[in-house]
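In mature numbering (1 follows the signal peptide of the UniProt record, and there is no 0), the protein residues as written are -20 to -1, 1 to 149. Note sheet for the following structure.
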C-alpha cells in the first residue's frame, strides 16, 4: 500500500511539474509558433509564385510542342504529296504502253481522282494553317491535319499501287 501511495504521489508531482513547464514555456512557444507561421506563409507564397512560373512555362512548352507536332504532320503531308506527284508522272509515262483502252482510261481516272483528293486536302491544310480555320484549338487543328494526312496518304498509296500494276504489266 505504501508503494501505491508513493507511486501516486510521485506521478502527481511529475504531472504537476510537467504542467508548470508548459505554463512557463507557453509565451516562448507562442512566439516561436508565430514565427514559424510567418515563415510558413512566406514559404507558401514563394511556392505559389514558383508554381505559377512553372505552370506558365509548361503552357508555353505545350504550345511549342503542339506547333512542332503540327509542323511534323505538315512535313509528312508534303512528302506524301511529292511522292504522289512523282508516281503520277511515272504512271502518265507508262500508261502510253497499255494496249487496252478501257484499262488505260480507268487507271488514268483513278490517278486523276486521287490527285484531286490530294489537292483538296492540300487546300484544306492551307486554310487550317493560315487563317486558323474558325479559331480552332490546337487539338482540333491537329485532328483535322491528321485527317487530311490520312486522306493524302491513302490517295498516295492508290497512285503507288497503280504505278506498281503498270510496271508489272
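Backbone N, C-alpha and C fix where the C-beta goes; we use that ideal spot for every residue, glycine too.
Inter-residue distance for residue 30 and residue 15 is about 22 Å (C-alpha atoms, whole angstroms).
Annotated as proximal: residue 71 and residue 143, with beta-carbon spacing under 8 Å.
In the three-state reduction of the DSSP assignment, residue 117 falls in the coil class, being assigned neither a helical nor a strand state.
Scanning its chain for C-beta atoms nearer than 6 Å, with the 5 sequence neighbours on each side dropped, one finds around residue 140 the residues 67, in chain order. Ranking 104, 17, 118, 35 by CA distance to the CA of residue 48 puts 118 first. The shortest CA-to-CA distance from residue 146 to any of 69, 120, 62, 46 is the one to 69.
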